[in-house]
Amino acid sequence: MLAILTLIQDENSRNKLEEIYHLYGKLMYYIAYDILKDYHEAEDIVQSAILKVASNLDKITDVKCNKTRGFMVIIVRNTALNIYNQRKTRSSVPYENIENLIIDERIENPEQYVLRLDQGEWIAEQLAKLNPAYADILALKYMYEYKNNEIAELINCTEGNVRIRLYRARKAMQVILRGEKYDQTEQR
15 MLAILTLIQD ENSRNKLEEI YHLYGKLMYY IAYDILKDYH EAEDIVQSAI LKVASNLDKI
75 TDVKCNKTRG FMVIIVRNTA LNIYNQRKTR SSVPYENIEN LIIDERIENP EQYVLRLDQG
135 EWIAEQLAKL NPAYADILAL KYMYEYKNNE IAELINCTEG NVRIRLYRAR KAMQVILRGE
195 KYDQTEQR
């Protein structure tokens, strides 16, 4: 972390990144470790995620809000899943199911209680019904207002893949909004 901080010239940005790390570092580590089951790789993932956040620091206005926390979770989870998938393809031994690796972020806490009071409650409930990958990409696009090329960089895929995922996520969301039964297994 210290090496990353020395790369940032602006003291306000440095302080903001340091505050983000202190607030969310343990959560980020927990998510990365839960996915990778490796202490050293989890630390590396947190550092990689912090680097990604450092390059997008200007888009974070309030460090202590749910939006920032969600952003940190999305970044570290996608970074860890990329490493997990790379390791999985290199390995001849199959790993356990990835279903248990995603943290259920809908656990009630004070911040989420306040969020539930907001008008976004209904939309959040609908997003929670989606496949987490689709919910993440919709959140990055519409909640965090990232462009497709920025999303591609954050989740380490091509811009074309981002467009495809957004298309599929919108289609899945339409199914949910029409009140039809959404089956996550039908989506890729």
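Residue numbers (the numbering used here): 15 to 202.
Glycine included, C-beta positions come from ideal geometry on N, C-alpha and C.
Every value quoted in this text rests on a predicted model; they were computed, and no experiment measured them.
In terms of Cβ geometry, Val-67 and Ile-89 form a close pair [threshold 8 angstroms].
Tyr-156 and Arg-28 have their C-alpha atoms spaced approximately 27 angstroms apart. Only residues of its own chain outside the window of five on either side were considered, and among them Asn-162 have a CB closer than 7 angstroms to the CB of Arg-177, listed in chain order. Here DSSP, grouped into helix, strand and coil, assigns Gly-84 to helix.
In the three-state DSSP reduction, Lys-195 falls in the coil class, being neither helix nor strand.
Taking a 10 Å sphere around the C-beta of Leu-144, we find 16 or more other C-beta atoms and assign the residue as buried.
One Cα belongs to Ala-186, the other to Tyr-196, and the distance between them is close to 7 angstroms. With fewer than three CB-CB distances shorter than 8 angstroms, the region 54-62 does not count as touching the region 74-85. Leu-41 carries a helical assignment under DSSP once its states are collapsed to helix, strand and coil.
Tyr-181 is classed as exposed because its beta carbon has fewer than 16 other beta carbons within 10 Å across all chains shown. Straight across, the Cα-Cα distance linking Ile-165 with Ser-62 is about 15 angstroms. Contact between Leu-152 and Leu-141 holds, with the beta-carbon distance rounding to 7 angstroms and staying under 8 angstroms.
A direct Cα-to-Cα measurement between Leu-41 and Arg-83 gives close to 9 angstroms. C-alpha of Tyr-43 to C-alpha of Ile-190: approximately 33 angstroms in a straight line. Judged by beta-carbon spacing, Tyr-160 lies beyond the 8 angstroms limit of Arg-179, meaning their Cβ atoms are not closer than that value.
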